[in-house]
Structure formats: C-alpha cells, structure tokens
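Before any comments, here is the structure.
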Amino acid sequence: MTAPTTDRARGAAPTGPVVLTIDDVSVDYLVDEPVHAVRNVSLELARGEVLGLAGESGCGKSTLAYAVTRLLKPPALVTGGRIEFHSREGYAVDLTAIRGEDLRQFRWDKVAMVFQGAMNSLNPVINVQAQLEDVFSTHRPEMKKAERRRRAGELLERVGVDRARLKAFPHELSGGMRQRVMIAMALALEPQVLIMDEPTTALDVVVQREILDEITRLRDELGFAVVFITHDLPLLLEISDRIAVMKEGRIVELADARTLYTRPQHEYTRTLLSSFPSLTGERGAFVRTGVDTTVPGPAAGRSTEEPDQGPDHDPDEHEEADA
Ligand SMILES: Nc1ncnc2c1ncn2[C@@H]1O[C@H](COP(=O)(O)OP(=O)(O)OP(=O)(O)O)[C@@H](O)[C@H]1O
Ligand SMILES: [Mg+2]
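Quick note on numbering: UniProt numbering labels position 305 of the sequence shown as 305, and the sequence is numbered without any gaps.
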C-alpha cells in the first residue's frame, strides 16, 4: 500500500522498501476546547532511513509518535487514518487495529521508542542490569537468566557504556549515560523502527554529538529505520535522509535533507531555517557527509537551481508503556 500524494513534494518519496506507512492520521485531545493535535498526516518511512520530524513546540510531534506506538491515552483520540507496519519478514500489520497481546508483542519488538525526557524515567531504585534484563524477561520469557545477563552486557557496550556500569543505579550515571541506557533498552529486541523523541535535547553538545554518532553507527550496523523528532533543525539536516516539517498538526513540507535546506518550499520552513544563525552564513553548520556546505543557505535568499515549485502540497486503546 502506498500513501496518498497529499503533503508530498518533489524529492519527498522514500527511496527503497517502506517499513511504516502513516496514512491520513488525525488525533484530537478531547478537552474543553478540543485540540486538533495531528491533522491528516501521511508519511512513509523507508527501511533503514532516518526521517527527521521538525516543528515548533506544540505542533504535534510527540502526539504523532504516540499514535504510531499506540501509546496515546485519554483525552487523546485517534479520529482517523491508518498506520501500517511492513515487516522485514514480508507481512504487514495494521497498527490501528491490533489489540491486547498482539499489540504488546508488537511494541518494542518491531517499533520501539525513546521518549522525550527518557533519561529521567529510569527506575531509580533498580540497577541498570536489572532494567535491561527486565526487557528480556518481559518480551523473551523463554530466555535463560545467563543469556539475559550476557545480552544486557552486550547491549550496554553496544551503546558505548562500559559493561562495568551494569551494577550502577541511574543516579550514579551522567545524563548522557542514562540516555544511552534508554537507547540500549529501545534496541534490546532489535526493532525495525526506532522512534526517538528529542533524544539528545537535554544534553550538552559534545555528548549530544557522541550519541548521534552512536545512533548513526547502530543504524548502519543493525539496519533499523529512525524517526528522529526535534525542533533542532540544524541537527536534523545533518543526520536525516529526509525531513518532514510539521506545523499546527500538519506536515507542511517533506523533502530530502539537502533539498529542504537549499530549496525550502514552504514559508514556515524558511522561517524555521532562518531562525538558526548557524545555518544562515556561508559557513553554516550543515556538514552532512557529501553535501557541499558552500551551497547558499536559505538566508542567502537565492537559488541557482530550478525555480521553486510550491509543495503539492476508532477510539484508541489507551495502552500503557510496558517496557
Ligand atoms: N494531554 C493533553 N491534553 C490536552 N492537550 C494536549 C495534551 N497533550 C498534548 N496536548 C496538546 O496537543 C498539541 C500537540 O502537543 P505535542 O506534545 O504533540 O507537541 P510537540 O510537537 O511534541 O511539542 P514539544 O516540542 O514541546 O514536545 C499541543 O497543543 C498540546 O498542548
Ligand atoms: Mg514533544
């Protein structure tokens, strides 16, 4: 199945097989004055790609992520649309329809999420080893204790934390390390899609950089696709294959990172780009491999390329996170 052509611009289609299809999804918060948080969003995520999701605070990024992982709770209500996961093994799952045990097995196993502010959500009274092992006891009940133990150590090293820290409690770790532990937990079951909601926002730039490199390396090694959510557009330009720009619940622009940077189509994207001084000079911080950083950015106010084209342009189950 392919997504409808709404909200699509040239260069916006995913390259390669699709792992996730979000088709015309809308989410409301049914409060006194209902909030239309996500409005008719359609997106496709290609296997192994990094899709950036940018947009100002309150535009609906987290709500969309929660809809995909089926973690929305009242007063949120999915008012329409369909979300489909296309497994590497060749079958498709309608995420809007699965329930109960199927949903529980699916989540974390196929699509995992690192939550906004996640590094503060580790259980403070349980050490890292027990928290990592817990993912396996819950989702791989057949796994023997020794195997769980071995895997917990491997996971920690995979995200660049010494195995010796297995015995540490969350308060004994730096923010960066805690965030790495959260990423390790999300990767424990080798998901095919990893949704990361502001995974590095609270960290200083050096640690942020290290973690981003780690995510990129792991993506190359394990082949999962990433939806990377942040309002930090310069960062997204650097790490994303494609970027979706969200405003007031809608995707207003979707393009590959380079096109979005050099030829933004939507006024809002231009505003967003120009609000980052690092992007506006000739020596912008846009250093994505293979991209010529001397290409004039949006603040240069001109394009030597082709002229611009406007962008062609059931109640949910309220499940809790269980990992
Ligand atoms: N539980 C809730 N009840 C009512 N409205 C909500 C609730 N959660 C979110 N909203 C509203 O839904 C809209 C989208 O919120 P959401 O958290 O998805 O935005 P966001 O893009 O993730 O923002 P941020 O960058 O600050 O994380 C906002 O207007 C927000 O106020
Ligand atoms: Mg958010």
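Using N, Cα and C, we set each Cβ at its ideal position, and we do this for glycine too. Values in this document were obtained by computation on a predicted structure and should not be read as measured data.
(request) Could you have a look at residue 104 and say whether DSSP puts it in helix, strand or coil? (result) Residue mapping note: residue 104 aligns to position 104 of the sequence shown, counting from 1. Reduced to three states, the DSSP call for residue 104 is helix.
(message) Applying the 10 Å Cβ sphere with the 16-neighbour rule, what's the burial state of residue 20?
(response) Translated into the one-based positions of the sequence shown, residue 20 becomes position 20. That one is buried.
(message) Which runs of the alpha helix (DSSP H) at least 4 residues long sit entirely within the region 11–94? Give them in chain order.
(response) With a minimum length of 4 residues, the continuous alpha helix (DSSP H) runs that stay inside the region 11–94 are 61–68.
(message) Can you give me the C-alpha to C-alpha distance between residue 297 and residue 111, rounded to a whole angstrom?
(response) Here residue 297 refers to the residue found at position 297 of the sequence shown. Here residue 111 refers to the residue found at position 111 of the sequence shown. Any reading at residue 297 needs caution, since the residue's pLDDT is 43, under 50, leaving its predicted position unreliable; the model's value is listed next. If you take the alpha carbons of residue 297 and residue 111, they lie about 35 angstroms apart.
(request) Find out if the Cβ-Cβ distance for the pair residue 179, residue 224 is shorter than 8 angstroms. (result) The residue given as residue 179 occupies position 179 in the sequence shown. The residue given as residue 224 occupies position 224 in the sequence shown. Taking 8 angstroms as the Cβ cut-off, residue 179 and residue 224 do not qualify as a contacting pair.
(request) Assign residue 332 to buried or exposed, taking buried as 16 or more other Cβ atoms, counted over all protein chains shown, within 10 Å of its Cβ. (result) No statement about residue 332 is possible, as the shown extent of the chain runs from 1 to 323 and does not include it.
(message) Please state the DSSP three-state secondary structure of residue 248.
(response) Position 248 of the sequence shown, counted from the start, is the residue given in the question as residue 248. Here residue 248 sits in coil by DSSP.
(request) Could you say which of 188, 101 and 177 lies nearest to residue 136 if we only look at CA atoms? (result) Taking the sequence shown and counting its residues from 1, the one referred to as residue 136 is at position 136. It is 188.
(request) Report the option in 250, 182 and 52 whose CA atom is closest to the CA atom of residue 268. (result) One-based indexing of the sequence shown puts residue 268 at position 268. Here the closest residue by C-alpha is 250.
(message) On the DSSP letters alone, give me the boundaries of the alpha helix (DSSP H) that residue 182 sits inside.
(response) Along the sequence shown, one-based indexing puts residue 182 at 182. Here the alpha helix (DSSP H) through residue 182 covers 175–187.
(message) Could you tell me the alpha carbon to alpha carbon distance between residue 242 and residue 128, rounded to whole angstroms?
(response) What you label residue 242 is simply residue 242 of the sequence shown in a count that begins at 1. What you label residue 128 is simply residue 128 of the sequence shown in a count that begins at 1. So the alpha carbons of these two residues sit roughly 34 angstroms apart.
(message) Please output, in chain order, the residues near ligand 2 using a CB cut-off of less than 7 angstroms to any non-hydrogen atom of the ligand.
(response) 61, 62, 116, 197, 198 and 229
(message) Based on DSSP bridge pairs, tell me the residues matched to residue 114.
(response) The residue you call residue 114 lines up with position 114 of the sequence shown. According to DSSP, residue 114 bridges with 196.
(request) Within 10 angstroms of the Cβ of residue 264, are there 16 or more other Cβ atoms? Answer buried if so, exposed if not. (result) In the sequence shown, residue 264 corresponds to position 264, counting from 1. Burial call: buried.
(request) Give, in chain order, every unbroken run of the alpha helix (DSSP H) that is at least 4 residues long and sits entirely within the region 206–243. (result) 233–239
(request) Starting from residue 122, follow the alpha helix (DSSP H) in both directions and report where the run begins and ends. (result) Here residue 122 is taken as the residue at index 122 of the sequence shown, counted from 1. Element bounds for residue 122: n/a, residue is neither H nor E.
(request) Tell me whether the beta-carbon of residue 27 lies closer than 8 angstroms to the beta-carbon of residue 67. (result) The residue given as residue 27 occupies position 27 in the sequence shown. The residue given as residue 67 occupies position 67 in the sequence shown. Contact flag set, yes.
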